[in-house]
Amino acid sequence: MPRQFFVGGNFKMNGTIKSITDIINNLNNAKLDPNVEVVVAPSSLYLLLVREHLRKEIEVAAQNVYDKPNGAFTGEISVEQLKSSGINWTLLGHSERRVILQEDDKFVASKTKAALDGDVSVILCCGESLEQREAGKTIEVVNNQLKAVAAEIKDWSKIVIAYEPIWAIGTGKVATTEQAQEVHAAIREWLKKDVSPEVADKTRIIYGGSVSEKNCKELAKQPDVDGFLVGGASLKPAFVDIINANQ
Ligand code: 13P
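Numbering of the sequence shown is given in our numbering, commencing with residue 81 and proceeding in unit increments.
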């Protein structure tokens, strides 16, 4: 079975009710490749708005979730709260949270476990900094991020892995097709060895970092690139062209 192409839109801390409504309307009226799984992640404040008005074949993701079920955790959101709002996905481990909010591999792994235990699927982000790449540590860094998760969970069927090199995020400096393919293949190899050949075969590994309507087609041709996690361009009408990259 080929892996279904997957395109995520990470709105990050962008948008207001007006502009998010424009994005919803644009997606609702667009002709989208029916073979592509699409998930969008607005700010938590707009999750309900998006879930209510967006066409139902597009799933909605939170950008983060906490690993405790409830209680005195000011500002956090639980898995149960997501589920009760019709939200079946969350991003976890985005580099902006790892770097700016100082989330470590263990915390990301614990949140991944909590999400899966509560039947919320996870777009699990990993990726190296420019310094780490230049030191030849890309594969080691990415593998360590994923190993922390593998220590907590057994079932990978509700995980999509997003490889997002930090130096490519929001910079316009997209990874070359070779750079993306090399890391994706290494992640798949690691899955094969450390998890199982079946999981390696089935798990979608998507690329994020300056994906645009211009570079998506070439990236999509790589054998181990199973889709994209799109930041800036997911706020624009061109997001539709990225969803339809294979057409
Ligand atoms: P950009 O597409 O804006 O580079 O962001 C990528 C990203 O971080 C998606 O999660």
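Where is the CB? At the ideal position from N, CA and C, for every residue including glycine.
- In the assembly as shown, residue 274 is an exposed residue. Its beta-carbon has fewer than 16 other beta-carbons within 10 Å.
- Here residue 303 is exposed. Its C-beta has fewer than 16 other C-beta atoms within 10 Å.
- If you check the C-beta of residue 249 against ligand 1, you find a heavy atom less than 8 Å away.
- Apart from sequence neighbours up to five positions away, the residues of its chain that approach residue 162 with a beta-carbon distance below 7 Å are 142, 145, 170 and 200, ordered along the chain.
- Contact check for residue 242 against residue 312 fails: the beta carbons are separated by 9 Å or more.
- The C-beta distance from residue 118 to residue 323 rounds to 6 Å, short enough to meet the 8 Å contact threshold.
- When the five nearest sequence neighbours on each side are left out, the beta carbons in the same chain lying within less than 6 Å of the beta carbon of residue 279 are those of 236 and 271, in order along the chain.
- Note that the C-beta distance between residue 106 and residue 308 is not below 9 Å.
- Nearest to residue 84 by alpha-carbon distance, out of 285, 207 and 314, is 285.
- Note that the region 193 to 208 does not touch the region 253 to 260; fewer than 3 beta-carbon pairs, one per stretch, sit closer than 8 Å.
- For residue 279, the enclosing alpha helix (DSSP H) has its first and last residue at 277 to 282.
- Annotation for residue 219: 266 place their beta carbon closer than 6 Å to its own, counting only its chain and skipping 5 residues before and after.
- Per DSSP, reduced to three states, the secondary structure at residue 305 is coil, with no helix or strand assignment.
- Residue 269 sits away from residue 174, with the two beta carbons spaced by 9 Å or more.
- Between the region 174 to 186 and the region 127 to 139, the count of C-beta pairs closer than 8 Å stays below three; the two stretches do not touch.
- In this structure, the CA atom of residue 181 is about 15 Å from the CA atom of residue 147.
- With fewer than 16 other beta carbons inside 10 angstroms of its own, residue 133 counts as exposed.
- Per DSSP, reduced to three states, the secondary structure at residue 188 is helical.
- When the alpha-carbon of residue 165 is set against those of 222, 225 and 124, the nearest one is in 124.
- In this structure, DSSP gives residue 109 a helical state, which the three-state scheme calls helix.
- Within the DSSP bridge table, the entry for residue 117 names 86 as partners.
- The three-state secondary structure of residue 270, taken from DSSP, is helix.
- Short of 7 Å from the beta carbon of residue 251, and not among the five residues preceding or following it, lie these beta carbons of its own chain, in chain order: 290.
- Cβ neighbours of residue 128 within its own chain (closer than 7 Å, five residues either side excluded): 165.
- Looking at the DSSP output, residue 201 shares a beta bridge with 169.
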